[in-house]
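S.K.: In the numbering used here, the protein residues as written are 8 to 134. Think of the CB as a built atom: it goes at the ideal place given N, C-alpha and C, for glycine as much as any other residue. Starting off with a structure, shown below.
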(Lines of atoms letter the chains of each structure in order from A and count residues from 1; the text may use other names and numbers.)
(Lines give C-alpha, C1' and ligand atoms only; values in the text may rest on other atoms or scores of the structure.)
Protein backbone atom coordinates (compact mmCIF):
# COMPACT_ATOMS: atom_id res chain seq x y z
CA UNK A 1 0.00 0.00 0.00
CA UNK A 2 1.24 3.42 -0.92
CA UNK A 3 0.79 6.08 1.72
CA UNK A 4 -0.95 9.32 0.88
CA UNK A 5 -1.02 12.96 1.77
CA UNK A 6 -3.11 12.56 4.93
CA UNK A 7 -4.68 15.98 4.47
CA UNK A 8 -7.05 14.51 1.87
CA UNK A 9 -8.39 12.16 4.52
CA UNK A 10 -8.90 14.73 7.25
CA UNK A 11 -5.59 13.69 8.84
CA UNK A 12 -6.60 10.03 8.96
CA UNK A 13 -3.77 7.83 7.71
CA UNK A 14 -4.29 5.79 4.56
CA UNK A 15 -3.84 2.61 6.60
CA UNK A 16 -6.46 3.70 9.15
CA UNK A 17 -8.86 4.74 6.38
CA UNK A 18 -8.55 1.39 4.62
CA UNK A 19 -8.84 -0.61 7.86
CA UNK A 20 -11.69 1.29 9.49
CA UNK A 21 -13.72 2.89 6.70
CA UNK A 22 -13.03 1.50 3.21
CA UNK A 23 -16.08 -0.59 2.23
CA UNK A 24 -17.13 -0.75 5.91
CA UNK A 25 -18.87 2.46 6.86
CA UNK A 26 -19.50 5.96 5.52
CA UNK A 27 -16.86 8.60 6.01
CA UNK A 28 -17.50 12.26 5.22
CA UNK A 29 -14.42 14.46 5.02
CA UNK A 30 -15.42 18.08 4.60
CA UNK A 31 -13.01 20.33 2.73
CA UNK A 32 -10.90 17.26 1.99
CA UNK A 33 -8.54 19.33 -0.12
CA UNK A 34 -8.52 22.79 1.44
CA UNK A 35 -8.63 25.68 -1.02
CA UNK A 36 -8.91 23.30 -3.99
CA UNK A 37 -9.77 25.09 -7.21
CA UNK A 38 -11.21 22.84 -9.88
CA UNK A 39 -9.16 23.28 -13.06
CA UNK A 40 -12.25 23.06 -15.26
CA UNK A 41 -15.11 25.56 -15.37
CA UNK A 42 -18.79 24.57 -15.67
CA UNK A 43 -18.72 25.82 -19.27
CA UNK A 44 -15.68 23.67 -20.08
CA UNK A 45 -17.37 20.69 -18.44
CA UNK A 46 -20.42 21.25 -20.64
CA UNK A 47 -18.09 21.45 -23.63
CA UNK A 48 -16.63 18.05 -22.73
CA UNK A 49 -20.17 16.68 -22.50
CA UNK A 50 -20.64 17.67 -26.15
CA UNK A 51 -17.63 15.60 -27.23
CA UNK A 52 -18.59 12.24 -28.78
CA UNK A 53 -15.72 10.45 -27.07
CA UNK A 54 -16.73 11.64 -23.60
CA UNK A 55 -19.15 9.77 -21.32
CA UNK A 56 -21.70 12.18 -19.89
CA UNK A 57 -25.25 12.40 -18.68
CA UNK A 58 -27.79 14.96 -17.55
CA UNK A 59 -30.09 14.22 -14.63
CA UNK A 60 -33.14 16.49 -14.78
CA UNK A 61 -35.93 16.87 -12.24
CA UNK A 62 -39.46 16.86 -13.63
CA UNK A 63 -41.06 20.33 -13.54
CA UNK A 64 -44.37 18.93 -12.31
CA UNK A 65 -43.26 16.23 -9.88
CA UNK A 66 -40.24 16.77 -7.65
CA UNK A 67 -40.00 13.02 -7.09
CA UNK A 68 -39.48 12.27 -10.78
CA UNK A 69 -36.16 12.56 -12.52
CA UNK A 70 -35.01 11.65 -15.99
CA UNK A 71 -31.59 10.84 -17.34
CA UNK A 72 -30.27 11.81 -20.76
CA UNK A 73 -27.02 10.45 -22.14
CA UNK A 74 -24.51 12.51 -24.11
CA UNK A 75 -23.02 13.62 -26.28
CA UNK A 76 -25.01 16.82 -25.97
CA UNK A 77 -25.31 19.97 -28.02
CA UNK A 78 -25.29 23.60 -26.96
CA UNK A 79 -29.06 23.54 -27.46
CA UNK A 80 -29.42 20.85 -24.78
CA UNK A 81 -27.90 23.23 -22.26
CA UNK A 82 -29.69 26.37 -23.43
CA UNK A 83 -33.03 24.58 -23.01
CA UNK A 84 -32.37 23.73 -19.36
CA UNK A 85 -34.06 25.56 -16.50
CA UNK A 86 -31.87 27.49 -14.08
CA UNK A 87 -32.36 24.83 -11.39
CA UNK A 88 -33.01 21.15 -10.76
CA UNK A 89 -30.51 19.45 -13.03
CA UNK A 90 -27.04 17.93 -12.78
CA UNK A 91 -24.40 17.26 -15.40
CA UNK A 92 -22.04 14.33 -14.81
CA UNK A 93 -18.94 13.79 -16.93
CA UNK A 94 -16.77 10.67 -16.53
CA UNK A 95 -13.06 10.13 -17.20
CA UNK A 96 -12.32 13.85 -16.97
CA UNK A 97 -8.66 13.09 -16.22
CA UNK A 98 -8.30 11.90 -19.84
CA UNK A 99 -9.26 15.34 -21.13
CA UNK A 100 -7.90 17.70 -18.48
CA UNK A 101 -4.30 16.82 -17.51
CA UNK A 102 -4.50 18.85 -14.28
CA UNK A 103 -7.09 16.37 -13.01
CA UNK A 104 -4.45 13.61 -13.06
CA UNK A 105 -2.75 15.23 -10.09
CA UNK A 106 -6.02 14.90 -8.19
CA UNK A 107 -6.37 11.25 -9.14
CA UNK A 108 -2.78 10.51 -8.12
CA UNK A 109 -3.52 11.72 -4.58
CA UNK A 110 -5.62 8.58 -4.13
CA UNK A 111 -2.89 6.10 -5.05
CA UNK A 112 -3.35 4.38 -1.67
CA UNK A 113 -6.61 2.87 -2.97
CA UNK A 114 -6.04 -0.48 -4.70
CA UNK A 115 -5.57 0.34 -8.38
CA UNK A 116 -8.18 -2.19 -9.48
CA UNK A 117 -10.76 -0.20 -7.46
CA UNK A 118 -9.81 3.20 -8.86
CA UNK A 119 -11.58 3.88 -12.12
CA UNK A 120 -11.78 7.52 -13.10
CA UNK A 121 -12.57 11.05 -12.00
CA UNK A 122 -16.19 12.00 -12.53
CA UNK A 123 -17.08 15.65 -12.15
CA UNK A 124 -20.62 16.77 -11.52
CA UNK A 125 -22.13 20.21 -11.82
CA UNK A 126 -25.48 20.63 -10.09
CA UNK A 127 -27.95 23.49 -10.03
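With residue 89 as the anchor, note down where its alpha helix (DSSP H) starts and where it stops.
M.R.: Sequence index remark: in the chain shown, residue 89 carries index 82 (1-based). Looking at the DSSP string, the run of the alpha helix (DSSP H) that includes residue 89 is 85-89.
S.K.: When you compare the CB positions of residue 48 and residue 100, do they come within less than 8 Å of one another, or not?
M.R.: Along the chain shown, one-based indexing puts residue 48 at 41. Along the chain shown, one-based indexing puts residue 100 at 93. Against a cut-off of 8 Å, the Cβ pair of residue 100 and residue 48 comes out as no contact.
S.K.: How close, in whole Å, do the beta carbons of residue 96 and residue 66 come, if the pair is a contact with beta carbons under 8 Å?
M.R.: The residue labelled residue 96 in the question sits at position 89 within the chain shown. The residue labelled residue 66 in the question sits at position 59 within the chain shown. Correct: roughly 7 Å between the Cβ atoms.
S.K.: Cα separation between residue 103 and residue 58?
M.R.: By one-based count along the chain shown, residue 103 stands at place 96. By one-based count along the chain shown, residue 58 stands at place 51. The alpha-carbon atoms of residue 103 and residue 58 are separated by roughly 12 Å.
S.K.: In three-state terms, what does DSSP make of residue 130?
M.R.: On the chain shown, residue 130 is found 123 positions in, with the first residue counted as 1. In the structure shown, residue 130 sits in a strand (DSSP, three-state: E or B).
S.K.: Suppose contacts are defined by Cβ-Cβ distances below 8 Å. Is residue 46 in contact with residue 61 by that definition?
M.R.: For the purposes of this step, residue 46 is taken as residue 39 along the chain shown, with counting starting at 1. For the purposes of this step, residue 61 is taken as residue 54 along the chain shown, with counting starting at 1. No, Cβ-Cβ distance for residue 46 and residue 61 is not below 8 Å.
S.K.: Ignore the nearest five residues each way along the sequence and tell me which others in residue 39's own chain have a CB closer than 6 Å to its CB.
M.R.: Here the question's residue 39 lines up with position 32 in the chain shown. Excluding sequence neighbours, residue 39 sits near 15.
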